[in-house]
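For reference, the structure discussed in these notes is given below.
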Amino acid sequence: MIVIFKQKPLEEILGYLASDKSVFLLRCSGCSKVNQVDAESDLKVLKENIKDKGISITGSAIKGLLCIKAMSVLEELTESIGNPSSILVMACGLGVQSIAEATDKVVHPACNSFIDKESLGRGKREDRCLTCGDCVLEFTGGICPLTVCSKGLLNGPCGGSSGNKCEISKEIDCGWIIIYERMKKLGRLKVLMSFLSPKDFRIYKKRR
Amino acid sequence: MKSGSNLEKVLEGGYFAVTAEVGPPKGALSTVIKRKGELLKFHCDAMNVTDNQTAIVRMSSWSGCILLKEMGIDPVMQMVVRDRNRIAIQSDILGAVALGIRNILCLSGDHQKFGNHPTAKGVYDIDSIQLIQTLKTMRDDRKFMCGEDLSGELPIYIGAVENPFADPFEYRVHRLAKKVKAGADFIQTQAVFDVKKFSKWMDMVRDHGLDKQVHILAGIIPIKSVGMARYMRDNVSGISVPDEIVIRMEEAKDAKEEGVKIAIEIIEQLKEIEGIHGIHIMAVAWEDIVPLIVERAGLLPRPIL
């Protein structure tokens, strides 16, 4: 659907593996069609490059939605994973984090994650909700201003919204205009006249 | 009087106010600010010092304000919410007032991506409207955002900005109403080139009775060249430059003189709009022209109050 990942430069990945004797490769077939293309061949090429460096490969697998299925995927693969020095995960940042959370082994990321251009304005799936603990969706037409606005403004739009686009890029829709249009459609513009107070960021436990 | 600033006296006294913008240097040379201060001193009632405008690092607004203050000029400190969280904001306000700054203009700030540090993390702990409310609470209730008391008085005149040319057009007036309700005493608008659209916005402002609750100063940017006119029309989001202005600049023999003429014509039209209480001149990198424009627009001498 929305998150896409692209392999990091090979040198960077090999750097991560420098002190590993063996590795298991796990590739996510993703939530996006883009991620499913060339899954097998990408994995094969990466495996060969790693072998060339004298690192043994205990096995590899392609599985879908590592982000939400990490636990069951690892259980299912227990035997084929064996006992490698590490697991190299070709997935988005969330997939990597979910695998890392579900295993005691060292987990290396093999990819960088990006937002699919077609849905740039709305933010990527995981980022649409910050689990901030102080939800304002009631006042903003079910669209989160913290994630959809480039500045995370609670009382937007700022003066930079022009032609329905955000000031930072003509490719990005102004989040507050999306909110405005939704509220207009819902006949709830009056609600947008109310003032939203500063957020309590204590509840929003972003791990930094 | 809320602050006793010169700007407040001029506006509350019913005079047509003139403010000008001073861009601080990309360095620590106080002479840059002082030169601009000398140049504009007798041609405006207060001077805004921008706060890392377009997210380019420059001398801080408060220090520029102090340099102007020392010259007997009433400064307007601009404060964006892009670079400070609520702790730094409130602390800086206390410091600014302690040093004699009385006018504070609240803005969101251009996104960090625009500037010379596009890799920076934006703060945006609070937004510009929440900043206005914070200042009002600090001044009127003598309380910090957290509810704790602050000691002593906090005499400030609270400013905000509005861009009638941003989208959605029909919502801008409601956002202005939010700012007024939050505590804005005066408004400085984005530069006006499209007077027709601006008048339409002012009609809505009056329909909501906002002109009676806040002083609105219309923004003016003198155009120096054809290139500048085209650049603003095509590349600056939130500024609306009608084609006829670009054409006038293209056809002019003396582009600078034409730019001055256009600015003066716009000022003349703005003066006629009910509810406009002044102008704010943002002569980006062309501060030298401001005295001439103010003089030719018949706005001299400035009141001494």
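First to last, the protein sequences are chains X and Y. Quick note on the numbering used here: the first sequence kicks off at 1 and runs consecutively. Quick note on the numbering used here: the second sequence kicks off at 1001 and runs consecutively. The beta-carbon is built from N, C-alpha and C at its ideal position, and this holds for glycine as well.
Interface with chain Y (8 Å Cβ-Cβ cutoff): glycine 159 of chain X is included. DSSP places methionine 1059 of chain Y outside any beta strand (DSSP E), giving it a letter other than H or E.
When Cβ-Cβ separations below 8 Å define contact, leucine 74 of chain X makes no contact with chain Y. Scanning its chain for C-beta atoms nearer than 8 Å, with the 5 sequence neighbours on each side dropped, one finds around serine 60 of chain X the residues Phe24, Leu25, Leu26, Arg27, Leu43 and Lys47, in chain order. Per DSSP, reduced to three states, the secondary structure at arginine 1296 of chain Y is helical. In this structure proline 1025 of chain Y is not in contact with methionine 1079 of chain Y, their Cβ atoms being roughly 19 Å apart against a cut-off of 8 Å. Straight across, the Cα-Cα distance linking lysine 1212 of chain Y with lysine 33 of chain X is about 57 Å.
Taking a Cβ-Cβ cut-off of 8 Å, the neighbours of isoleucine 177 of chain X in chain Y comprise Asp1167 and Pro1168, given in sequence order. In this chain, the alpha helix (DSSP H) harbouring methionine 1232 of chain Y covers 1226 to 1235. Cβ-Cβ separation between arginine 1206 of chain Y and glycine 1259 of chain Y: approximately 30 Å, too far for a contact (criterion under 8 Å). In this model, serine 86 of chain X and isoleucine 57 of chain X are separated by some 10 Å (Cα to Cα). Beta-bridge annotation (DSSP): threonine 1019 of chain Y is paired with Y:Ala1046 and Y:His1280. Secondary structure of aspartate 1185 of chain Y (DSSP, three-state): coil.
The way I'd put it, the stretch 1106 to 1124 of chain Y doesn't touch the stretch 184 to 198 of chain X; fewer than three beta-carbon pairs between them come closer than 8 Å. For isoleucine 1247 of chain Y, the uninterrupted alpha helix (DSSP H) run begins and ends at 1243 to 1251, by DSSP.
Collapsing the DSSP output to three states places glutamate 1148 of chain Y in coil.
When the alpha-carbon of aspartate 1185 of chain Y is set against those of Y:Val1246, Y:Val1076, Y:Ser1240 and Y:Lys1256, the nearest one is in Y:Val1076.
Nearest C-alpha to methionine 1047 of chain Y among Y:Asp1194, Y:Val1226, Y:Ile1093 and Y:Glu1021: Y:Glu1021. Sorting Y:Leu1029, Y:Glu1070, Y:Arg1082 and Y:Lys1036 by C-alpha distance to the C-alpha of asparagine 1052 of chain Y places Y:Arg1082 at the top. For histidine 108 of chain X, the beta-bridge partners assigned by DSSP are X:Leu88.
By the CB criterion at 8 Å, glutamine 1190 of chain Y and phenylalanine 1144 of chain Y fall outside the cutoff. In the DSSP assignment, proline 1075 of chain Y falls outside any alpha helix (DSSP H) and lies within the beta strand (DSSP E) extending over 1075 to 1080. Note that the C-beta distance between isoleucine 1216 of chain Y and isoleucine 1267 of chain Y is not below 8 Å. In the displayed model, threonine 58 of chain X falls within a strand according to three-state DSSP.
A direct Cα-Cα distance of roughly 41 Å separates serine 19 of chain X from lysine 151 of chain X. DSSP places tyrosine 1171 of chain Y within a helical segment (H, G or I) once states are collapsed to three. For isoleucine 62 of chain X and threonine 131 of chain X, the gap between their C-alpha atoms comes out near 30 Å.
Under the Cβ distance rule, glycine 82 of chain X does not count among the residues neighbouring chain Y, no pair being separated by less than 8 Å. Proximity of isoleucine 1073 of chain Y to chain X, defined by a Cβ-Cβ separation below 8 Å, is not satisfied.
Nearest C-alpha to asparagine 49 of chain X among X:Gly160, X:Cys149 and X:Ala110: X:Ala110. The way I'd put it, the stretch 1240 to 1249 of chain Y doesn't touch the stretch 1275 to 1287 of chain Y; fewer than three beta-carbon pairs between them come closer than 8 Å. For glutamine 1190 of chain Y, the chain X residues whose C-beta falls within less than 7 Å of its own C-beta are Gly159, listed in chain order. With the criterion set as a beta carbon lying under 9 Å from some beta carbon of chain Y, the stretch 55 to 74 of chain X has no members that meet it. Taking 9 Å as the cut-off between beta carbons, the residues of the stretch 1126 to 1145 of chain Y near chain X are Ile1126, Asp1127, Ser1128, Ile1129, Gln1130, Gln1133, Thr1134 and Met1145, in sequence order. Per the coordinates, the alpha-carbon of glycine 1095 of chain Y lies some 16 Å from the alpha-carbon of glutamate 1070 of chain Y. The straight-line gap separating the alpha-carbon atoms of arginine 202 of chain X and isoleucine 1087 of chain Y is approximately 14 Å.
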